[in-house]
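Notes for the one structure printed next.
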Amino acid sequence: MYRTHTCGELRISDAGKSLTLAGWVQRIRNFGGMNFIDLRDRYGITQLVFNPQHNKELTEKSAALGREFVIQVKGKCVERSNKNKELPTGDIEILVDELNVLNASLTPPFTIEDETDGGDDLRMKYRYLDLRRKPVRENLLARHQVARAVREYLDGQGFADVETPHLIKSTPEGARDFVVPSRLNPGQFYALPQSPQTFKQLLMVSGFDRYYQIVRCFRDEDLRADRQPEFTQIDCEMAFVEREDVLQMFEGMTKSVFKKVRGLELPAFPRMSYDDAMMNYGNDKPDIRFEMKFVWLKNGDEDVVGGKSFKVFDEAESVIGICTKGCAEYSRKQLDELTEFVKRPQLGMQGLVYIKANADGTFKSSVDKFYSSDDLKKIAEKFSALPGDLILILAGEKARTCKAMSELRLEMGNRLGLRKKDEFKPLWVLDFPLLEWDEEEKRWNAMHHPFTSWRKEDDALLETDPGKVKANAYDMVMNGVELGGGSIRIHNRKNQERMFAALGMSKEQYEYKFGFILNAFEFGTPPHGGIAYGFDRFCSMVTANQEGIRDFIAFPKNNMGRDMMLDAPGDIDEKQKKELGLK
Ligand code: ASP
Numbered sequence: 004m005y006r007t008h009t010c011g012e013l014r015i016s017d018a019g020k021s022l023t024l025a026g027w028v029q030r031i032r033n034f035g036g037m038n039f040i041d042l043r044d045r046y047g048i049t050q051l052v053f054n055p056q057h058n059k060e061l062t063e064k065s066a067a068l069g070r071e072f073v074i075q076v077k078g079k080c081v082e083r084s085n086k087n088k089e090l091p092t093g094d095i096e097i098l099v100d101e102l103n104v105l106n107a108s109l110t111p112p113f114t115i116e117d118e119t120d121g122g123d124d125l126r127m128k129y130r131y132l133d134l135r136r137k138p139v140r141e142n143l144l145a146r147h148q149v150a151r152a153v154r155e156y157l158d159g160q161g162f163a164d165v166e167t168p169h170l171i172k173s174t175p176e177g178a179r180d181f182v183v184p185s186r187l188n189p190g191q192f193y194a195l196p197q198s199p200q201t202f203k204q205l206l207m208v209s210g211f212d213r214y215y216q217i218v219r220c221f222r223d224e225d226l227r228a229d230r231q232p233e234f235t236q237i238d239c240e241m242a243f244v245e246r247e248d249v250l251q252m253f254e255g256m257t258k259s260v261f262k263k264v265r266g267l268e269l270p271a272f273p274r275m276s277y278d279d280a281m282m283n284y285g286n287d288k289p290d291i292r293f294e295m296k297f298v299w300l301k302n303g304d305e306d307v308v309g310g311k312s313f314k315v316f317d318e319a320e321s322v323i324g325i326c327t328k329g330c331a332e333y334s335r336k337q338l339d340e341l342t343e344f345v346k347r348p349q350l351g352m353q354g355l356v357y358i359k360a361n362a363d364g365t366f367k368s369s370v371d372k373f374y375s376s377d378d379l380k381k382i383a384e385k386f387s388a389l390p391g392d393l394i395l396i397l398a399g400e401k402a403r404t405c406k407a408m409s410e411l412r413l414e415m416g417n418r419l420g421l422r423k424k425d426e427f428k429p430l431w432v433l434d435f436p437l438l439e440w441d442e443e444e445k446r447w448n449a450m451h452h453p454f455t456s457w458r459k460e461d462d463a464l465l466e467t468d469p470g471k472v473k474a475n476a477y478d479m480v481m482n483g484v485e486l487g488g489g490s491i492r493i494h495n496r497k498n499q500e501r502m503f504a505a506l507g508m509s510k511e512q513y514e515y516k517f518g519f520i521l522n523a524f525e526f527g528t529p530p531h532g533g534i535a536y537g538f539d540r541f542c543s544m545v546t547a548n549q550e551g552i553r554d555f556i557a558f559p560k561n562n563m564g565r566d567m568m569l570d571a572p573g574d575i576d577e578k579q580k581k582e583l584g585l586k
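So the sequence shown is numbered by my numbering: it starts at 4 and just counts up by one.
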């Protein structure tokens, strides 16, 4: 037996036992001739003592050990004189009688402890060493717990786990496909799935009724902190359902996972229309842990700030403000910081206007020149501003201003400590537009994907005023993060063809790309709908980890889509290229 116990389980009640442990040398300390070693494994850390008075030879041998050596020790569990309250095993230590070096180690390139001195690149290159660190390891183990809780819930609801292929033809979800050349079909390519969308719908045609899969998806997009070229979805589909059924089922799943993994009861999920989300938060994934809703001072014909010779407002398409509680005391420097924040190229605002509702009832503003005290008071009333509040206002083109104000709102939420890590505010966002206009391509794109159905009452608009059609689509949003999204699908050939046509596809184009699903729809397709959760994101939310999804992936890629450990992507040899018809 390599070990009788793990490095995480021994307690004071084990004192007196003779036992065997195995693990990695995390740290060696020499103290008055004695050697103390922190022995680590997946379960924790146990202190080993080599005492020359107990065994001189062994103590000398232990001095030759290095960090990350793998060792096995036999000894006796004894009570510690100076206990370590930080460690669950801190009441005991092992007085060692026998030491076997199972394997030596080079000096690790960074410290393998909770805190490390290793930079990102180095830790990515030696990911297997980083994974020995407790915080990194715990994220992956939490991921396992979340997956288990998801499966337990879905299994309990009668969902069947069915695998779908990875070598397929392109499934459009709005991103680029990764492609794989086919050796047996020279000059032809498979695509890796962006999601199993069409397959799960075909499983409904087959009668599977309730399907799920925790499945890898691939999207060749520019990367951001919360994106990876390959990521995992909890992908689900149900037949004979309406929107309400899907929302209930997955509200249930989300609650059940939080309960099982975190012991937390989530509140009921409020519902918000896409239009309301955009008007109140400038964002289709609002963080509703705090209010600070938008106040529109100018929106189309409605204008409460115009006609005062202040050109910026007069010429703007939109003027939007937020009221930040108790910030009237903000200094010049703080206001300058906020101005710089909205002027960053990503947001591209010209400037920031403020109105301070002073504690003494007076108003001070950056546009005093144009607005009298009375004018400012009237504006402040629109915000229900109280003495001590600070109003921040942005002006410009509508979409851009909305986006910038949404970011500024989140920034203020951060500054005021309103975005608490351990508070969870889920909601459903509903009634998305079916289509969005692509200015570059001069055509409509599906906002969700082309298999999403639309509200019955909007049916006639699809050909006449497509921008007005609302989709039967929904997003599950929590703390400003889109955790999941889905829709009730189109389930007949005629409507699916109408949709493809609305997207500007010719009959030949959609027959070539999607003939298989159009055909399937003619063989008795039940009404169906579903949803997919970003699993990596979901894990990061459940554990309230703010670092992003990379921490929840065992072997992630960097911002350039590179695996630093494998040094992939890389070249392939000439013979391989030839075989694949790439030369
Ligand atoms: N396939 C969709 C996605 O990946 C989810 C869905 O509609 O079920 O976002």
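All C-beta atoms, glycine included, are put in the ideal place defined by N, C-alpha and C.
Alpha helix (DSSP H) segment containing residue i, residue limits
i, result
"N138", "Here residue 138 turns out to be Pro, not Asn, going by the sequence shown. Per DSSP, P138 belongs to the alpha helix (DSSP H) from K137 to G159."
"D44", "Element bounds for D44: not the alpha helix (DSSP H) but the beta strand (DSSP E), M37 to D44."
"G518", "K510 to A523"
"L430", "Run containing L430: none in the alpha helix (DSSP H); it sits in the beta strand (DSSP E), P429 to L433."
"S376", "S376 to K385"
"C542", "F538 to V545"
"T342", "R335 to K346"
"E49", "Contrary to the premise, residue 49 reads as Thr rather than Glu in this sequence. Note, T49: premise wrong, no alpha helix (DSSP H); beta strand (DSSP E) at G47 to F53."
"Y284", "Y277 to Y284"
Where residue i sits in the DSSP three-state scheme
i, result
"F366", "strand"
"G416", "helix"
"Q353", "coil"
"M502", "helix"
"R30", "strand"
"V165", "coil"
"E410", "helix"
"A319", "coil"
"K203", "helix"
"F181", "coil"
"R14", "coil"
"L61", "helix"
"L269", "coil"
"Y214", "strand"
Cβ separation of residue i and residue j, assumed to be a contact under 8 Å, to the nearest whole Å
i, j, result
"M81", "L24", "The residue you asked about is not Met; residue 81 is Val in the sequence shown. Contact flag wrong, Cβ pair sits at about 14 Å."
"T167", "Q216", "7 Å"
"A449", "L506", "6 Å"
"D212", "L195", "Not a contact, Cβ separation roughly 27 Å."
"A2", "M207", "In the structure as shown, the chain starts at 4 and stops at 586, and residue 2 therefore has no counterpart that could be examined."
"K473", "F503", "In fact, because the Cβ distance is near 19 Å, the residues do not count as touching under 8 Å."
"C542", "R146", "5 Å"
"E240", "Y214", "5 Å"
Environment of residue i [buried if 16+ CB atoms lie within 10 Å]
i, result
"R151", "exposed"
"F202", "buried"
"I95", "buried"
"H452", "buried"
"D574", "exposed"
"I15", "exposed"
"S409", "buried"
"T528", "buried"
"Q236", "buried"
"G310", "exposed"
"G416", "buried"
"A66", "exposed"
"Q337", "exposed"
"R540", "buried"
"F519", "exposed"
Range of the contiguous beta strand (DSSP E) that encloses residue i
i, result
"V104", "I95 to N106"
"E240", "E233 to A242"
"S259", "First-last for S259: R246 to R265, but that is the alpha helix (DSSP H), not the beta strand (DSSP E)."
"V484", "V484 to I491"
"V81", "V73 to E82"
"M479", "A476 to M481"
Proximity test, Cβ basis, 7 Å: residue i and chain D
i, result
"Q197", "No chain D appears in this structure, which consists of one protein chain only."
For this session: Check whether the region 274–287 touches the region 423–431, counting contact only when three or more Cβ pairs, one atom from each stretch, lie closer than 8 Å.
Result: The region 274–287 is in contact with the region 423–431.
Problem set entry | Contact between the region 362–375 and the region 283–302 (3+ Cβ pairs under 8 Å) | In short, these stretches do not touch, since the Cβ pair count stays below three.
Exercise. Are three or more beta carbon pairs between the region 24–43 and the region 4–11 nearer than 8 Å?
Worked result: Judged by Cβ distances under 8 Å, the region 24–43 makes contact with the region 4–11, as three or more pairs qualify.
Exercise. Are at least three pairs of beta-carbons, each pair with one atom in the region 368–380 and one in the region 350–357, less than 8 Å apart?
Worked result: In short, these stretches touch, since the Cβ pair count reaches three.
Problem set entry | Segment contact flag, the region 250–257 with the region 477–490, C-beta cutoff 8 Å, min 3 pairs | The region 250–257, when compared against the region 477–490, does touch it at the 8 Å Cβ threshold.
Exercise. With a cut-off of 8 Å, do at least 3 Cβ pairs link the region 133–149 to the region 527–536?
Worked result: By the C-beta criterion, the region 133–149 is judged not to be in contact with the region 527–536, since fewer than 3 inter-stretch pairs fall below 8 Å.
Exercise. Per the contact definition of three or more C-beta pairs closer than 8 Å, is the region 384–393 in contact with the region 345–354?
Worked result: No: fewer than three Cβ pairs fall under 8 Å.
For this session: Kindly confirm or deny that the region 309–325 and the region 398–409 touch, where touching means at least three C-beta pairs closer than 8 Å.
Result: Contact holds: three or more Cβ-Cβ distances are below 8 Å.
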